[in-house]
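Shown next, in structure tokens, is the structure this report addresses.
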Amino acid sequence: MTTSTATPAPEVIEEGGGIGGALRDYVARLRGGDTGSLPAVLGFIVLVIFFSATAEPFTSKLNWANLLNQSAAYIFIAMGLVFVLLLGEIDLSAGYTAGTSAAMMGVVMTQKGFAWPIAVLACLVTGAVIGLTIGILVARLGIPSFVVTLAYFLGLQGVLLLVIGEGGTIAIRDKTILAINNNNMSTWMGWVFFLVVAGGYAAVTFGQQARRRAAGLPTAATSVVLAKVGGLALLLAIVTFFLNQERSVNPVLNSLKGVPIIVPVTALFVVGLTFVLTRTSFGRHVYAVGGNAEAARRAGINVGNIKIACFVIGSVLAAIGGILIASRDNSVSPTSGGSSTLLLSVAAAVIGGTSLFGGKGRIIDAVIGGLVIGVIYNGLPFITQQAGIQFVVTAGVLLLAASVDAIARRRASATGR
Amino acid sequence: MSTSTSSTTPLLSLRGINKSFGAVHVLKGVDLDVWPGKVTALVGDNGAGKSTLIKGIAGIYSFDSGSYSFEGQQVEVTNPKQANALGIEVVYQDLALCDNLDVVQNLYLGREATSGVILDETTMERKATETLKGLSVRTLKSVRMKVSSLSGGQRQTVAIARAVLWNSKLVILDEPTAALGVAQTEQVLQLVRRLADAGLAVILISHNMNDVIRVADNVAALYLGQMAAQVPSESLSHGQIVELITAGRSGDLGLKAPDKEVVA
Ligand SMILES: Nc1ncnc2c1ncn2[C@@H]1O[C@H](COP(=O)(O)OP(=O)(O)OP(=O)(O)O)[C@@H](O)[C@H]1O
Ligand SMILES: [Mg+2]
């Protein structure tokens, strides 16, 4: 990372430069401060090696599947936070939005006896209303989102307590809701899912290449595209194969195998939300508002509406995170979505590569960062039972990720990127 | 575009424009003509009312009184969208680009090409490349570079390209070279000249008399909210422009001397 060695400025890499060229291009981007998800991926690998070496139960097949289910809620809340962070705003209330919305689902389903789709709808509407009111306060009144959502953090904690009652819990007994974040697909469904994802990614990537070539625009080298598609397919195949193995301690009594249902559910949202952010005008405007709100305004973009929409999307995704928490815990309590939920979700987004300064971030960041957080929270208890250490470690990781973000930003402005 | 006809019929014609902010009378009976294929330099000291005048033209402010005609038609321009619809684009001094977006994304910001709900990236990239080629911009390595990685001159180029992408007829540039070095200023001035040579009407606000003399066909000098003079640039010397700016008159040109006005 030395800039003093005065080698001549790196040449623009011909896009026909093949894999070598693409790699050199990538290194140039890294040096320019555009680290993307690399720190998170490296962190993930290092953590996995560390926990595998120090905590034997960590490597069990059962634990790997657990990890996905444990991370899911953080990933969903973090995906919502990506929308808010892209604006350069923050939502400190996302955790209690998850809890409150889940409580609403519990009330409608368990206490009032409605079917699960109605309960889920109530949950999502609760999230949407919370997001809408936050958005209006931030965008129309111009109160800093930090202050608005700090108030909501406290307020929603109170609402959650009032709805559930001190010391109480609402049990979740609906089979469908419980299945979402606990059950697995059959092994053949896992392979179908693999084919759909790998095939879909290949089709989209090659289709894009063909369209660009037809329009006479520069395209990435075919070898690079093949490597990307092949790499993803291989990785997915390994994961699917692994998760399709029997992992029950006592298979005769209770067979446990297959890709957790939460995986395709998450994948669906990742694809849909990535589409919204990268392929629609709305998504483009979100990045523009985060990059330069004044420029966006002069370009005729309604900045206020974009902000409100992002807070609504963020809170609805947090509400879905709430459903996943309820599903995993079989219940909703006054602490659902509380404690470190928000911190971990923000950490997930930031570790994945989403900037706290706005204008930079992707949905997949939330997934990658969420898995890193998942590994820490899954692995640490095997080493120490002390909650204190776990908090300190998590805080350290968040600060580390934020530092990487800030340093990348400084490097980017220093190298003019 | 034959210059003989274009020099006779102005694209934009303002007559007797007045604009006050509360008690402050900023524009006092201003006349201005802008011709297609010509660069009209708008000069004047700080606070003379240049920015106020172009913001009125661009529909950001509405004028209190006076006539605004475009292509010979009396028009009412009260918001930026109406100005855009007429073919008026402004390049603001602070550029208003998004650093985190690439060149194509900036060019089309707020007016993205779509097919259905999906952004039509190939069309946008192709047209952006063509527009930049049309402006003879060759310094950009790729239209997919982030704007944050561009130099000041390249950014200015992108901002100008953004203004000409939409079949615009009148491009207004507010101090486009203020922050640029010698070489980059040169690039941008050449670009401004090419816009006019391509038949567009250009209003150039500048405090740099050398730039004005180099590229402008016409100089309009504002003095304390009044149009001191609008004359072809070849008939003016550097010194005369400075006098018009600082005193409102230069020899026979410009506002009548205040004492004569009182007598008459
Ligand atoms: N929104 C406003 N409210 C009140 N007064 C204003 C407003 N905008 C401009 N003015 C006044 O109008 C006068 C002309 O301002 P304007 O910005 O048009 O000057 P300018 O010629 O562009 O100057 P400069 O060369 O410094 O950019 C100034 O005296 C300014 O104080
Ligand atoms: Mg000004």
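The listed protein sequences correspond, in order, to chains C and G.
Heads up: the first sequence begins at 200 in this note's numbering, then just goes up one per residue.
Heads up: the second sequence begins at 1406 in this note's numbering, then just goes up one per residue.
Cβ coordinates follow ideal geometry from the N, Cα and C atoms, glycine included.
**Q.** DSSP state of Tyr-1513/G mapped onto helix, strand, coil
**A.** Taken through DSSP and simplified to helix, strand or coil, Tyr-1513/G comes out as coil.
Q.
Give me the DSSP bridge partner(s) of Tyr-1628/G.
A. In the DSSP assignment, Tyr-1628/G forms a beta bridge with Gln-1631/G.
Q.
Taking 8 Å as the limit between beta carbons, can you name the residues of its chain near Asn-262/C, skipping five residues before and five after?
A. If we look at Asn-262/C and ignore the five residues flanking it on each side, its Cβ neighbours are Pro-256, Asn-577.
**Q.** Spatial neighbours of Leu-435/C in its chain, beta-carbon cut-off 7 Å, leaving aside the 5 residues before and after
**A.** Cβ neighbours of Leu-435/C within its own chain (closer than 7 Å, five residues either side excluded): Phe-393, Val-396, Ala-397.
(Q) Determine whether the beta carbon atoms of Val-1439/G and Ala-1583/G lie at a separation below 8 Å. (A) Taking 8 Å as the Cβ cut-off, Val-1439/G and Ala-1583/G do not qualify as a contacting pair.
Q) Is Thr-479/C close to chain G, meaning its C-beta is less than 8 Å from at least one C-beta of that chain? A) Chain G contact via Cβ: present.
Q.
Under 9 Å, CB to CB, which of the residues in the segment 1497-1510 of chain G have a partner in chain C?
A. Those residues of the segment 1497-1510 of chain G that come within reach of chain C (Cβ to Cβ, closer than 9 Å) are Tyr-1497, Asp-1499, Leu-1500, Ala-1501, Leu-1502, Cys-1503, Asp-1504, Asn-1505, Leu-1506, Gln-1510.
Q: Can you say whether Lys-1574/G is buried or exposed, counting buried as having 16 or more other CB atoms within 10 angstroms of its CB?
A: By the Cβ-count criterion, Lys-1574/G is buried, with 16 or more other Cβ atoms from all chains shown falling within 10 Å of its own Cβ.
Q | Limits of the unbroken beta strand (DSSP E) element including Asp-1436/G | A | Counting along the chain, the beta strand (DSSP E) containing Asp-1436/G begins and ends at 1429-1439.
Q. Which residue or residues does DSSP assign as beta-bridge partners of Tyr-1473/G?
A. In DSSP, Tyr-1473/G forms a bridge with Leu-1419/G.
**Q.** Within chain G, the residues that Ala-495/C reaches when beta carbons sit closer than 8 Å
**A.** Neighbours of Ala-495/C across chain G, judged by C-beta separation under 8 Å: Cys-1503, Leu-1514, Gly-1515.
Q: State the DSSP-derived secondary structure class of Leu-555/C, mapped to helix, strand or coil.
A: In this structure, Leu-555/C counts as coil in the three-state DSSP scheme.
Q) Between the segment 1562-1582 of chain G and chain C, which residues of the former have a C-beta closer than 9 Å to a C-beta of the latter? A) Cβ proximity to chain C below 9 Å picks out Arg-1567 from the segment 1562-1582 of chain G.
Q. How would you call Arg-1543/G, buried or exposed, if buried means at least 16 neighbouring beta carbons within 10 angstroms?
A. Counting Cβ neighbours within 10 Å, Arg-1543/G comes out exposed, since fewer than 16 surround it.
**Q.** Neighbourhood of Pro-1415/G by C-beta, 7 Å cutoff - its chain only, sequence neighbours within 5 removed
**A.** The answer, listed in chain order, is Asp-1438, Val-1439, Trp-1440.
Q) Any heavy atom of ligand 1 closer than 7 Å to the Cβ of Ser-1431/G? A) Note that residue 1431/G corresponds to Val in the displayed sequence, not to Ser. In this structure, Val-1431/G has its CB closer than 7 Å to one or more heavy atoms of ligand 1.
Q) Helix, strand or coil: which one does DSSP assign to Asp-604/C? A) Three-state DSSP puts Asp-604/C in a helix.
(Q) Between Val-502/C and chain G, is the shortest Cβ-Cβ distance under 8 Å, so that the two count as touching? (A) Contact with chain G is absent for Val-502/C, since none of that chain's Cβ atoms lies less than 8 Å from the residue's Cβ.
Q: With a cut-off of 8 Å on the beta carbons, I'd call Gly-242/C and Val-571/C a contact; round off their distance for me.
A: Right, their Cβ atoms sit about 5 Å apart.
Q. Any C-beta of chain G sitting closer than 8 Å to the C-beta of Gly-489/C?
A. So, interface residue.
(Q) Let's test the definition: count the other Cβ atoms within 10 Å of the Cβ of Arg-1420/G and tell me whether it reaches 16, buried, or not, exposed. (A) The Cβ neighbour count for Arg-1420/G, taken over all protein chains shown within 10 Å, is under 16; the residue is labelled exposed.
Q. If you draw a straight line from the alpha carbon of Phe-282/C to that of Asp-564/C, how long is it in whole angstroms?
A. Rounded to whole angstroms, the separation of the alpha carbons of Asp-564/C and Phe-282/C is 12 Å.
Q. Hey, does Ile-1523/G have any beta-carbon neighbour from chain C nearer than 8 Å?
A. Yes, its Cβ sits closer than 8 Å to a Cβ of chain C.
Q) Unbroken beta strand (DSSP E) runs of length 3 or more, entirely within the segment 470-503 of chain C: which are they? A) For the segment 470-503 of chain C, not a single whole beta strand (DSSP E) run of length 3 or above is found.
Q: Would you give the residue range spanned by the beta strand (DSSP E) that Ile-1610/G belongs to?
A: Ile-1610/G -> beta strand (DSSP E) spans 1606-1610.
Q | Cα-Cα separation between Lys-1538/G and Ser-1611/G, rounded to whole angstroms | A | The alpha-carbon atoms of Lys-1538/G and Ser-1611/G are separated by roughly 26 Å.
Q) Where do the N-terminal and C-terminal ends of the alpha helix (DSSP H) with Gly-1449/G fall, by residue? A) No alpha helix (DSSP H) contains Gly-1449/G, which is instead part of the beta strand (DSSP E) from 1444-1449.
Q: Measure from the C-beta of Arg-411/C to each C-beta in chain G and report whether the shortest distance is under 8 Å.
A: At least one chain G Cβ lies under 8 Å of Arg-411/C.
Q.
Looking at Lys-1433/G: is its Cβ nearer than 8 Å to the Cβ of Gly-1630/G?
A. A Cβ-Cβ contact shorter than 8 Å links Lys-1433/G with Gly-1630/G.
Q) Considering only residues of the segment 345-402 of chain C, which uninterrupted alpha helix (DSSP H) runs meet the minimum length of 4 residues and lie entirely inside it, listed in chain order? A) Those alpha helix (DSSP H) runs which fall completely within the segment 345-402 of chain C and span 4+ residues are 374-379.
(Q) What I want to know is whether the C-beta of Lys-1455/G ends up closer than 7 Å to one or more non-hydrogen atoms of ligand 2. (A) Short note on Lys-1455/G: C-beta closer than 7 Å to some heavy atom of ligand 2.
Q. Run through DSSP, which three-state label would Thr-465/C get?
A. Note: Thr-465/C maps to helix in three-state DSSP.
Q | Distance between beta carbons of Val-1563/G and Leu-1570/G, contact taken as under 8 Å | A | Contact flag wrong, Cβ pair sits at about 10 Å.
Q) What does a CB cutoff of less than 6 Å around Ala-1621/G pick up in its chain, not counting 5 residues either side in sequence? A) Within the same chain, and ignoring the five residues on either side of Ala-1621/G in sequence, the residues whose Cβ sits closer than 6 Å to its Cβ are Val-1444, Ala-1446, Ser-1638.
Q.
Looking at chain G, is there any beta carbon in it that lies within less than 8 Å of the beta carbon of Ala-414/C?
A. Between Ala-414/C and chain G, the shortest Cβ-Cβ separation is below 8 Å.
**Q.** Asn-1451/G beta carbon near ligand 1 (any heavy atom closer than 7 Å)
**A.** Yes, since a heavy atom of ligand 1 falls inside the 7 Å radius drawn around the Cβ of Asn-1451/G.
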